[in-house]
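Asks:
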Amino acid sequence: MTEQERIQKQRTERTREESEDVSVVTKKGEQLKAELDDLLDEIDGVLEENAEEFVRNYVQKGGQ
Amino acid sequence: MAISKILGIETEYGVAGGPDFDPTTASSIIVNAYAQQGRTRISWDFNDESPGTDARGILGVGSLAPMIETHLANTVLTNGARLYVDHAHPEYSSPECRTPAEATLYDQAGEEVMRRALRVANETLPVELAISLYKNNSDGKGNSYGTHENYLVARDVDFADVVRAMVPHFVSRQVVVGAGKVGSETDVGMAADPAFQISSRAEFFEEVVGLETTLKRPIINTRDEPHSDAERFRRLHVICGDANMSPVATFVKLGSTALLLAALEDDGVGAFPPAPARPVRAIRDFSFDPSLHVAVTDDEGHTRTAWDYQDALWQLAQRYVERHGATAVASDDEVDMIMRQWREMLDGVRDHPEDVADRVDWVAKRRVVEGFQSRYDLRPGDAKLRAIDLQYHDVRRDKSLASRVGLREMGSEEDIRLAVQHAPRSTRAYFRGECVTRFPDDIVSANWDSIVFDVGHGPLQRIPMMDPTRGTAELVGRLFDENLTAVALVAALNG
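These protein sequence lines map, in sequence, to chains A and B.
If you're matching positions, the first sequence starts at 1 in the working numbering and goes up one per residue.
If you're matching positions, the second sequence starts at 65 in the working numbering and goes up one per residue.
(1) Are any of the Cβ atoms in chain B nearer than 8 Å to that of E30(A)?
(2) Around the C-beta of F85(B), are 16 or more other C-beta atoms found within 10 angstroms, so that it is buried, or is it exposed?
(3) Would Y384(B) pass as a contact of P337(B) if the rule is Cβ separation under 8 Å?
(4) Hey, is K27(A)'s beta-carbon within less than 8 Å of any beta-carbon in chain B?
(5) Helix, strand or coil for G116(B)? Go by DSSP, reduced to three states.
(6) Measuring only between beta-carbons, confirm whether V95(B) sits less than 8 Å from chain A.
(7) Measuring CA to CA, which of V217(B), T89(B) and H521(B) is closest to V148(B)?
(8) With a threshold of 8 Å on Cβ separation, who are the neighbours of F436(B) within its own chain once the five nearest residues in sequence on each side are excluded?
(9) So, for V221(B): in the same chain, excluding its five sequence neighbours on each side, which residues have a beta-carbon less than 8 Å away from its beta-carbon?
(10) Look at S157(B) and S509(B) and say whether their C-beta atoms are less than 8 Å apart.
(11) Can you confirm whether A65(A), when its beta carbon is compared against all beta carbons of chain B, has any partner nearer than 8 Å?
(12) Residues of chain B with CB closer than 7 Å to the CB of V55(A), please, in chain order.
(13) How many Å lie between K380(B) and T501(B) at the Cα?
(14) Is the Cβ of P190(B) closer than 8 Å to any Cβ of chain A?
(15) Taking the Cβ atom as the reference point for each residue, do A137(B) and N96(B) lie within a distance shorter than 8 Å?
(16) Who are the near neighbours of V239(B) in its chain, counting only those whose CB is closer than 8 Å to its CB and skipping five residues on each side?
(17) Compute the Euclidean distance between the alpha carbons of D257(B) and R404(B), then round it to the nearest angstrom.
(18) Less than 8 Å between CB atoms is the rule here; does N207(B) satisfy it with respect to chain A?
(19) Between which two residues does the beta strand (DSSP E) holding T139(B) run?
(20) Helix, strand or coil: how does DSSP classify V272(B) here?
(21) Give the residues from the region 73-84 of chain B that approach chain A closer than 8 Å (Cβ to any Cβ), ordered along the chain.
(22) Could you check whether L197(B) and R459(B) sit closer than 8 Å to each other, using their CB atoms as the reference points?
(23) R489(B) and G535(B) - do their beta-carbons sit closer together than 8 Å?
(24) What does L216(B) pair with, by DSSP beta-bridge criteria?
(25) Short check: CB of N214(B) to CB of H301(B), under 8 Å?
(26) Go ahead and label V24(A) buried or exposed: buried means 16 or more other beta carbons lie within 10 angstroms of its beta carbon, across all protein chains shown.
(27) Where in the region 355-435 of chain B do unbroken runs of the alpha helix (DSSP H), each at least 4 residues long, occur, reported from the N-terminal end onward?
(28) Would you say V24(A) lies against chain B (beta-carbon separation less than 8 Å)?
(29) Taking C-alpha atoms, which residue in I507(B), G522(B) and H521(B) lies nearest to I515(B)?
(30) Taking Cβ-Cβ distances shorter than 7 Å, what residues in chain A pair up with R287(B)?
(31) Taking the C-alpha atoms as reference points, what is the distance between P282(B) and K28(A)?
(32) Is the beta carbon of K69(B) less than 8 Å from the beta carbon of A294(B)?
(33) Contact between the region 233-250 of chain B and the region 164-178 of chain B is defined here as three or more beta-carbon pairs at a separation below 8 Å; is this criterion met?
(34) Check for me: the alpha helix (DSSP H) holding Q172(B) runs from which residue to which?
(35) Taking C-alpha atoms, which residue in S208(B), T211(B), E76(B) and M309(B) lies nearest to E473(B)?
(36) Looking at the C-beta of H233(B), does it have a partner C-beta in chain A at a distance below 8 Å?
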């Protein structure tokens with residue numbers, strides 16, 4: 001293997017690794033998004049129905 | 065050698081509903097509901113509020129009583145905690161604990177006490193008057209209430225050094241342990257108009273050092289009420305923290321602060337980074353900037369972000385632990401866990417927040433808020449987003465959003481159940497808790513540093529407990545084994 005070929009091979013391998021990294025990141029990103037979607041669905045189900053009124057009625061006297 | 069960092073948290077809960085929507089009435093109903101369960105009916109003794117009443121003897125009825133709503137429910141629990149109505153909020157003050165993990169468990173026990181009290185109270189109320197409780201710090205309309213930490217500090221540490229050493233931590237620790245908030249509610253907050261803040265409490269601070277807790281709140285509170293031997297001890301009363309739903313965040317908040325106080329006691333203030341030139345501005349500006357980019361300048365002209373401050377303080381604590389071992393704070397394993405979690409959460413908030421959304425409250429809350437915002441195309445500060453913020457802190461499991469976002473657990477259900485019932489074995493809270501459990505009919509009142517017995521003949525007997533590190537299971541366990549009545553116990557203590 002000439003010097004040129006070796007560099008070429010290293011470059012190819014590096015490119016392959018990088019593209020694998022990118023696909024891992026994409027997969028992780030998709031998984032995170034799916035998890036968040038599930039969580040938001042669940043929260044949608046328990047969130048107080050009239051948000052406006054719920055928030056407006058929550059008034060406290062100041063404390064320490 | 066640093067003294068034991070005995071510590072605890074007192075939490076004022078937000079309260080809604082109840083007859084006439086009066087928060088003081090609702091708070092009383094909550095505290096009484098728990099007391100009437102037969103779990104406790106012993107009054108809190110306000111005599112501890114006046115220094116110098118360390119002698120046992122006749123209880124001075126009404127003497128030197130401070131301006132507190134004494135007609136309201138005010139009790140001591142079998143786990144050594146105090147449950148009462150403070151400023152129109154039900155408040156749970158945890159018993160004195162020996163380590164940050166223990167104090168975290170007793171903070172969780174406080175949530176469980178509130179859950180149980182709420183269940184009992186709501187069984188007796190018509191459904192339209194049902195009460196709800198929130199472990200949070202404000203109502204979104206400019207009214208704030210506190211989550212206060214307490215740490216035992218050696219009296220011989222100069223208070224000016226406490227201020228110098230701790231201001232950098234108190235303004236910056238929010239990046240790791242802030243509870244997060246949608247929008248803002250003070251004049252200064254609304255001028256900055258952040259869509260989301262790191263801390264729920266930061267915008268309410270107006271002074272660096274002071275005695276107030278309800279107005280012109282200071283970052284360092286100077287209340288000097290040690291509830292112990294004032295010649296030897298100080299109780300650092302920290303009022304600038306957020307109410308955490310994440311137990312790991314509570315643990316790191318307590319652990320990091322306790323370690324830095326131990327380092328201050330052993331090595332002095334010299335190694336601490338200089339405070340920002342304008343600390344009040346720093347605590348607010350850091351809170352208004354979830355991007356973590358805002359930097360502030362110290363008196364020497366150096367600039368640091370909140371993250372930089374936390375990094376420097378973590379390194380200081382790490383060097384301290386390597387040199388001294390930190391037995392003042394906890395076991396080696398526990399100290400190791402504090403340092404590891406603190407580091408991971410600090411690196412996480414900057415580099416990969418999604419990895420610490422299971423521990424950092426503001427990151428967990430923000431993820432849901434921004435998720436909703438983009439799903440429904442909502443404007444910043446929309447009522448739905450504010451509702452998420454509020455409901456994140458609901459103590460009821462079926463309503464709480466915090467219990468749904470995947471926060472890491474610390475204590476097990478069983479640990480928490482036991483902590484609701486029994487005091488920590490590691491501090492004087494053990495003596496208080498055992499007395500209240502064993503001799504409820506013979507105790508007139510109790511407070512942090514004494515218990516008053518009525519043994520049926522002669523004057524009331526006050527048993528002082530001026531050292532928080534004593535009265536442990538190890539020291540007084542045998543006393544309870546050998547003395548099965550209050551009369552015998554008091555006689556043995558007087559002997």
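Virtual Cβ for every residue (Gly too), placed ideally from N, Cα, C.
Quick caveat: nothing in here was measured; it's all calculated off a predicted structure.
Replies: With the given structure in hand:
(1) Judged by the 8 Å Cβ criterion, E30(A) is not in contact with chain B.
(2) Its Cβ having fewer than 16 others within 10 Å, F85(B) is exposed.
(3) Contact: no.
(4) Chain B has no Cβ within less than 8 Å of the Cβ of K27(A).
(5) At G116(B), the pLDDT of 31 sits below 50, so the modelled position is not reliable; the number obtained from the coordinates is stated separately. Taken through DSSP and simplified to helix, strand or coil, G116(B) comes out as coil.
(6) Output row for V95(B): interface = no.
(7) Just to set this straight, residue 148(B) is Tyr in the shown sequence, not Val. With distances taken between Cα atoms, Y148(B) lies closest to T89(B).
(8) Only L442, K448, L449 and I452 meet the Cβ criterion.
(9) Around V221(B), the same chain offers R298, L328 and E329 as residues with beta carbons nearer than 8 Å, after the five sequence neighbours per side are excluded.
(10) Contact: no.
(11) Since the displayed chain A opens at 1 and closes at 64, residue 65(A) lies outside it and no answer follows.
(12) Correct list: G204, A447, R450, A451 and L454.
(13) In the sequence as displayed, the identity of residue 380(B) is Leu instead of Lys. Taking the straight line joining both Cα atoms gives about 43 Å.
(14) No, its Cβ sits nowhere closer than 8 Å to a Cβ of chain A.
(15) It is a contact, given that the beta carbons lie within the stated cut-off.
(16) Around V239(B): I262, F350, L356, A370, W371, Q374, L410 and V413.
(17) Going from the Cα of D257(B) to the Cα of R404(B) covers about 34 Å.
(18) Closer than 8 Å: yes.
(19) Per DSSP, T139(B) belongs to the beta strand (DSSP E) from N138 to V140.
(20) Look at V272(B) here: in three-state DSSP terms it is strand.
(21) Across the region 73-84 of chain B, CB contacts with chain A closer than 8 Å involve E76, G78, V79 and A80, in sequence order along the chain.
(22) Here residue 459(B) is Val; the residue named in the question, Arg, does not match the sequence. One thing to note: V459(B) has its Cβ within 8 Å of the Cβ of L197(B).
(23) For G535(B) and R489(B), no; Cβs fall outside 8 Å.
(24) Paired residues: R299(B).
(25) Taking 8 Å as the Cβ cut-off, N214(B) and H301(B) qualify as a contacting pair.
(26) Per the 10 Å Cβ criterion, exposed.
(27) Look at the region 355-435 of chain B and you find these whole runs of alpha helix (DSSP H), each 4 residues long or longer: 370-388 and 396-415.
(28) No, its Cβ sits nowhere closer than 8 Å to a Cβ of chain B.
(29) Considering only alpha carbons, the answer is I507(B).
(30) For R287(B), none of the residues of chain A pass the 7 Å Cβ criterion, the least Cβ distance being about 10 Å.
(31) Rounded to whole angstroms, the separation of the alpha carbons of K28(A) and P282(B) is 44 Å.
(32) Not a contact, by the Cβ cut-off of 8 Å.
(33) Under the three-pair Cβ rule at 8 Å, the region 233-250 of chain B does not count as touching the region 164-178 of chain B.
(34) That run of the alpha helix (DSSP H) goes P164 to T188.
(35) That would be M309(B), whose Cα lies nearest to the Cα of E473(B).
(36) No, H233(B) lies away from the interface with chain A (no Cβ there is under 8 Å from its Cβ).
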